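Inspection log for the structure reproduced underneath, given as structure tokens.
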Amino acid sequence: MLTLLEMLLPLIAVILVIAPLFFIYKKGASAENLKTKLIAQICVFGGVFVLAVLFQFGGVHALAEGTAAANSITGTLAQGMGFIAAALATGCSAIGAGWAVASAAPAAIGAISENSENFGKAIIFVALGEGVAIYGLLISILIINKL
0 MLTLLEMLLP
10 LIAVILVIAP
20 LFFIYKKGAS
30 AENLKTKLIA
40 QICVFGGVFV
50 LAVLFQFGGV
60 HALAEGTAAA
70 NSITGTLAQG
80 MGFIAAALAT
90 GCSAIGAGWA
100 VASAAPAAIG
110 AISENSENFG
120 KAIIFVALGE
130 GVAIYGLLIS
140 ILIINKL
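Listed below in structure tokens is the structure:
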């Protein structure tokens, strides 16, 4: 059963990570001030990440239960490799889609600015890049369904 603290910790972590961004954009910053605030934001994110990892893996429950949590994990090597394959399919396809959109979108904007009749053709090329991520996600779903 989840305690109130376990339910509120993710919310607190998100607030700690996002809240400083509001202050950065609220008070128009110079380049030097922005750099300092960005470094502070990265430090806050790192601290929250470390605390989240310690709570997740070190956790209060794992200390209380001893090695019972480690012995309760079941599964085969094939299942583990299947999950890794699904994660790689999704991750690599998302990176590829980002790369494709990063290349196609500026070219599409340039083509549209020269001739507005090119909008339909340009948006198709940008959408094709987005489709790569969807194909990777579908492959991941197929891999996980076979496990």
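In numbering that gives the first Met the number 0, the protein residues as written are 0 to 146. Think of the CB as a built atom: it goes at the ideal place given N, C-alpha and C, for glycine as much as any other residue. The model shown is predicted, which means the values in this text are computed figures rather than measured ones.
Query: Alpha carbon to alpha carbon, how far is Val52 from Ile133? Give it in angstroms, no decimals.; Result: 30 Å
Query: Can you check whether the CB of Phe118 is closer than 7 Å to the CB of Ile111?; Result: yes
Query: Using the beta-carbon count (16 or more within 10 Å), is Val131 buried or exposed?; Result: buried
Query: Just to confirm before moving on: does the CB-CB distance between Ala103 and Ile138 stay below 7 Å?; Result: no
Query: In whole angstroms, what separates the C-alpha of Val125 from that of Leu136?; Result: 18 Å
Query: Out of Phe82, Phe44, Leu8 and Pro9, which has the shortest C-alpha to C-alpha gap to Pro19?; Result: Phe44
Query: How long is the line joining the alpha carbons of Leu127 and Thr2, rounded to whole angstroms?; Result: 45 Å
Query: Give me the Cα-Cα distance between Asn114 and Ala101, rounded to the nearest whole angstrom.; Result: 21 Å
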